[in-house]
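A short worksheet on the structure shown next.
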Amino acid sequence: MEIRVQSIKFNADQKLLDYVDKKVARLEKFDDRITSVEVALALMEKPDNKSAKIQAHVPGENLVIERTARTFEEAITECVDLMKEKMVRNREKRNNE
55 MEIRVQSIKF NADQKLLDYV DKKVARLEKF DDRITSVEVA LALMEKPDNK
105 SAKIQAHVPG ENLVIERTAR TFEEAITECV DLMKEKMVRN REKRNNE
């Protein structure tokens with residue numbers, strides 16, 4: 055699984071990039087069909103101004119989750135948790151068909 059990270063309006067440090075890789079790599083446990091994951095990190099113009107968007111590419115579908123929080127770590131964690139839930143639901147739906 056390929057993980058691409060894009061930082062918008064700022065330069066992400068290595069610590070943040072490592073955090074993203076560690077969290078996003080866990081998604082493969084929930085759907086081994088993932089071919090790639092794109093993560094976009096951006097600074098927004100509002101109080102909770104750290105935005106994370108995760109897009110997982112799976113054959114036949116693209117799963118997208120976006121969250122905003124006080125820190126990038128919080129936003130990434132929320133996105134990954136929601137993506138896990140979405141992948142489990144999709145897997146259950148596929149198994150029931």
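Just so we're on the same page, our numbering is the position in the sequence shown counted from 1, plus 54. Where a beta carbon is used, it is the ideal one built from N, C-alpha and C, also for glycine.
Check: Around the Cβ of Ile62, are there at least 16 other Cβ atoms within 10 angstroms (buried) or fewer (exposed)?; Outcome: exposed
Check: Suppose only complete runs of 3+ residues qualify. What are the beta strand (DSSP E) ranges in the stretch 55-87, listed by chain order?; Outcome: 56-62
Check: Comparing alpha-carbon positions, which option in Pro101, Arg143, Lys77 and Asn103 lies nearest Glu92?; Outcome: Lys77
Check: Given that a residue counts as buried once 16 or more other Cβ atoms are within 10 Å of its Cβ, and exposed if not, what is Leu97?; Outcome: exposed
Check: When the Cα of Leu70 is compared with those of Leu95, Asp102, Asn150 and Asp135, which residue comes out closest?; Outcome: Leu95
Check: If you draw a straight line from the C-alpha of Phe64 to the C-alpha of Val118, how long is it?; Outcome: 22 Å
Check: With respect to the alpha helix (DSSP H) encompassing Thr89, which residues constitute its N-terminal and C-terminal limits?; Outcome: Counting along the chain, Thr89 falls outside any alpha helix (DSSP H), and DSSP gives it neither H nor E.
Check: Alpha carbons only, please: which of Leu81, Arg87 and Ala79 is nearest the one belonging to Arg148?; Outcome: Arg87
Check: Taking DSSP as the reference, what is the three-state secondary structure of Lys147?; Outcome: helix
Check: According to the neighbour-count rule (16 or more other Cβ atoms, all chains shown, within 10 Å of its Cβ), is Asp85 buried or exposed?; Outcome: buried
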